[in-house]
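1 is the number of the first residue of the sequence shown in our numbering; add one for each residue after it.
Accompanying notes for the structure given below.
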Amino acid sequence: MSVQSEAQLEHELIAQLKNLGYSQVDIKDETQLLSNLKIQVERANDISAFSANEWAQVLNHLKAGNSFNCAKVLRNRFPVTFDDGSTRHIDFLFADPSKNIYQVTNQIAIDHRASNGHTSRFDVTLLINGLPLVQIELKRAGVELPEAFNQTQRYAKDAYGNGSGLFNYIQIFVISNRDHTHYYSTGTKNFEFTFPWADFDNKHIHKIDAFAANFLNHEHITKMLTEYMVIQTSKEIKVLRPYQIYAVQQIIQRVQHSQKNGYIWHTTGSGKTLTSFKASQLIMRLPEVEKVLFVVDRSDLDTQTVREFNAFKENSVDTTSVHDKFHRTLILSGFCFLKIAKIS
1 MSVQSEAQLE
11 HELIAQLKNL
21 GYSQVDIKDE
31 TQLLSNLKIQ
41 VERANDISAF
51 SANEWAQVLN
61 HLKAGNSFNC
71 AKVLRNRFPV
81 TFDDGSTRHI
91 DFLFADPSKN
101 IYQVTNQIAI
111 DHRASNGHTS
121 RFDVTLLING
131 LPLVQIELKR
141 AGVELPEAFN
151 QTQRYAKDAY
161 GNGSGLFNYI
171 QIFVISNRDH
181 THYYSTGTKN
191 FEFTFPWADF
201 DNKHIHKIDA
211 FAANFLNHEH
221 ITKMLTEYMV
231 IQTSKEIKVL
241 RPYQIYAVQQ
251 IIQRVQHSQK
261 NGYIWHTTGS
271 GKTLTSFKAS
281 QLIMRLPEVE
291 KVLFVVDRSD
301 LDTQTVREFN
311 AFKENSVDTT
321 SVHDKFHRTL
331 ILSGFCFLKI
341 AKIS
């Protein structure tokens, strides 16, 4: 039986992504990438055409340097001063998938011979509003995933910072040998922190076609980028694991649709603080919620939670010690209680 080549796997994945609504675009170098970026940013923001001066402002803003700075630029609006003197804020990524433009391209080459004598060529790149946000590295069946992971590490080290540095906007990596597929956030240094996707019942989704259908569809990949990543104050970028995402979704659903309590069980070291932080962050976006109150059952958990929350986002916690009697007076409309406890 013949082994499927990387080229065949790449071709089949692109065909599937086109069926998922991605437009295939032929981009082979940075010049073409920049030309496409201008067109897509204009389209996404309903702008007829940037002048040379207006586009120079955008490009200068996008040259943010490292991936941490790029992650922040991606998620914030930017005020462009137009030639007529008016100012308008533009977006680079929308939480509403219907407002984004999704494209797929393959074999983009970045020339970094001036620094180390090599050129890098990337397998499959997903562009959203023209920016490369998801990088997919494919290997033929039988090749171990760490080999693909190590290749993305070389790209990050040697290629992404060259030229305009647009590949520093990569947020999520996907690696696959067809039968096994993992994802991870930019900046991940160890293969152990790459994850398979899973369904609600924690059944792992290994094959690349099933992964693409579940993970790379417009709605889900947009949620991953806009809701389920954390840009830490330590200049690290984290992406939630499947069970954390489902836990956050269930917490939010309970807040919105029920007066009953609920609980999420995490084992030690499985990221319960990150789950609770992301849940509280998303709950705070709900118009009916004024404040999220956290209750911990031990003083060391209090210290730990505050420290970790502030690592996820600076000054995100207002610490107040209260007595049991006062707890009861805080159960008011607009307040949501979350409790972190360690159960032995």
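A virtual CB, placed ideally from N, CA and C, is assigned to each residue, including glycine.
Please report the straight-line C-alpha distance between residue 220 and residue 126, rounded to a whole angstrom. Cα to Cα, residue 220 sits roughly 14 Å from residue 126.
Could you give the distance in angstroms between the alpha-carbon of residue 119 and the alpha-carbon of residue 159? Annotation: residue 119 to residue 159 spans about 8 Å, alpha carbon to alpha carbon.
Rounded separation between residue 218 and residue 267 - CA only: CA-CA distance, residue 218 to residue 267, rounds to 32 Å.
Leaving out five residues before and five after residue 137 in sequence, what residues of the same chain have Cβ atoms less than 6 Å from its Cβ? Non-local C-beta neighbours of residue 137 in its own chain, meaning closer than 6 Å and more than five positions away in sequence, comprise 123, 148, 151, 152, 175, ordered along the chain.
Restricting to Cα atoms, I'd like to know which of 80, 12, 62 is closest to residue 347. An answer regarding residue 347 cannot be provided, because it is not within the stretch 1 to 344 covered by the chain.
So, with DSSP's three-state summary, where would you put residue 77? If DSSP states are grouped into helix, strand and coil, residue 77 belongs with coil.
Measuring alpha carbon to alpha carbon, tell me which of 64, 50, 93, 97 ends up nearest residue 84. Minimum Cα distance to residue 84 is reached at 50.
Cβ-based burial, residue 142 [other Cβ within 10 Å; buried from 16]: So residue 142 counts as exposed.
In chain order, what residues of the same chain lie with their CB nearer than 6 Å to the CB of residue 173, ignoring the 5 residues before and after it? Cβ within range, chain order: 135, 152, 184.
In terms of alpha-carbon separation, which member of 56, 252, 86 lies closest to residue 286? Comparing alpha carbon positions, the residue from 56, 252, 86 closest to residue 286 is 252.
Alpha helix (DSSP H) segment containing residue 208, residue limits: Note, residue 208: alpha helix (DSSP H), 208 to 215.
Touching or not, the stretch 85 to 100 and the stretch 185 to 198, by the rule of three or more beta carbon pairs under 8 Å? The answer is no - the stretch 185 to 198 does not touch the stretch 85 to 100, with fewer than three Cβ pairs under 8 Å.
Is it buried or exposed, residue 114, if we count other Cβ atoms within 10 angstroms and call 16 or more buried? Burial is judged here by how many other beta carbons sit within 10 angstroms of a residue's own beta carbon; residue 114 has fewer than 16 and is exposed.
Report the rounded CA-to-CA distance for residue 214 versus residue 20, giving the unit in angstroms. Going by the C-alpha atoms only, they are around 10 Å apart.
Do residue 77 and residue 93 have their CB atoms nearer than 8 Å? Not a contact, by the Cβ cut-off of 8 Å.
Reference residue 105; option with closest CA among 112, 57, 262, 131: Nearest of 112, 57, 262, 131 to residue 105, Cα basis: 131.
Can you tell me the Cβ-Cβ gap for residue 227 and residue 282, rounded? I've got them flagged as a contact below 8 Å. So it is a contact: roughly 6 Å between Cβ atoms.
If we require 4 or more residues per run, which alpha helix (DSSP H) segments fall completely within the stretch 161 to 243? DSSP assignment within the stretch 161 to 243 yields the following whole alpha helix (DSSP H) runs of 4 residues or more, N-terminal first: 208 to 215, 218 to 226.
Which whole-angstrom value is the C-beta distance of residue 17 and residue 210, which I expect to be below 8 Å? Their Cβ separation, rounded to whole angstroms, is 14 Å, which puts residue 17 and residue 210 out of contact at 8 Å.
Can you check DSSP and say which residues form a bridge with residue 102? Paired residues: 128.
Please tell me whether residue 112 and residue 60 are closer than 8 Å, where the distance is taken between their beta carbons. Going by C-beta atoms, residue 112 is not nearer than 8 Å to residue 60.
Tell me where the beta strand (DSSP E) around residue 266 begins and ends. From DSSP, residue 266 is part of no beta strand (DSSP E); its letter is neither H nor E.
Cutting at 8 Å between CB atoms, please list the residues of its own chain near residue 202, excluding the five before and the five after it. Apart from sequence neighbours up to five positions away, the residues of its chain that approach residue 202 with a beta-carbon distance below 8 Å are 242, 243, ordered along the chain.
Taking 8 Å as the threshold (C-beta atoms), are residue 191 and residue 146 in contact? Yes, the pair counts as a contact, with Cβ atoms nearer than the cut-off.
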